[in-house]
Amino acid sequence: MNRHLHFFAILGTLLFCTLVAPHAVQAGPDRNGTSVLMGIVIGPDDKPVVHAAVSYQSSAGTAAHAVHTDARGRFTIPRLPADNYDVRASANGIFSDWEKNITIHVGETRSVTLHLIYAKQMPKAAKSSSR
421 MNRHLHFFAI LGTLLFCTLV APHAVQAGPD RNGTSVLMGI VIGPDDKPVV HAAVSYQSSA
481 GTAAHAVHTD ARGRFTIPRL PADNYDVRAS ANGIFSDWEK NITIHVGETR SVTLHLIYAK
541 QMPKAAKSSS R
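Remember, my numbering sits 420 above the position in the sequence shown when you count from 1.
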């Protein structure tokens with residue numbers, strides 16, 4: 421009888437672990453956030469840049485995405501989870517510096533201005549391929 425009791429106790433524990441435990445709620449990032457990052461891209465001529473690509477990712481380097489500016493050089497990135505983000509713009513081979521660690525809280529709207537600058541020097545890969 422005692423042997424049967426141990427068997428059913430172990431069987432019950434195994435059933436509990438396989439059926440109930442995987443359904444436990446786990447804390448994690450909100451994949452459908454409520455925060456917004458918006459801004460404008462300004463070119464070297466100090467004018468808004470139409471159709472510039474704006475790349476963004478979490479500061480941890482995950483979830484990289486891109487959006488484009490509108491006819492007024494503005495962009496909006498909706499439904500972001502609260503996190504720290506790095507953002508950069510590019511157009512016609514000209515890039516902005518990375519704006520790093522932009523902290524966005526739940527439900528917050530943040531704004532950033534990205535300035536396109538000329539490269540100080542050609543990358544080594546571009547120099548060697550032109551020979």
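From the three backbone atoms N, C-alpha and C, an ideal C-beta is built for every residue, glycine too.
Inter-residue spacing [alpha-carbon to alpha-carbon] between residue i and residue j
i	j	result
G481	A472	21 Å
V516	V456	Note that residue 516 is Ser in the sequence shown here, rather than Val. Computed Cα separation, rounded: 20 Å.
A545	S479	At A545, the pLDDT of 46 sits below 50, so the modelled position is not reliable; the number obtained from the coordinates is stated separately. So the alpha carbons of these two residues sit roughly 26 Å apart.
P464	H535	7 Å
P501	T454	6 Å
I497	V469	17 Å
K520	G493	20 Å
F495	M458	6 Å
Beta-bridge pairing of residue i - partner residues as DSSP gives them
i	result
E528	BP columns for E528 are empty, so no partner.
G459	F495, V532
T523	N504
Heavy atom of the ligand MG within 6 Å of residue i beta-carbon
i	result
I460	Of the ligands one can find in the structure shown there are none, so the ligand MG has no counterpart to examine.
Handout entry: beta strand (DSSP E) runs contained entirely in the segment 466-512, provided each spans 3 or more residues
Key = 473-478, 485-488, 494-500, 503-511
Problem - Touch test, the segment 512-531 against the segment 484-493, Cβ-Cβ under 8 Å, three pairs minimum - result: no
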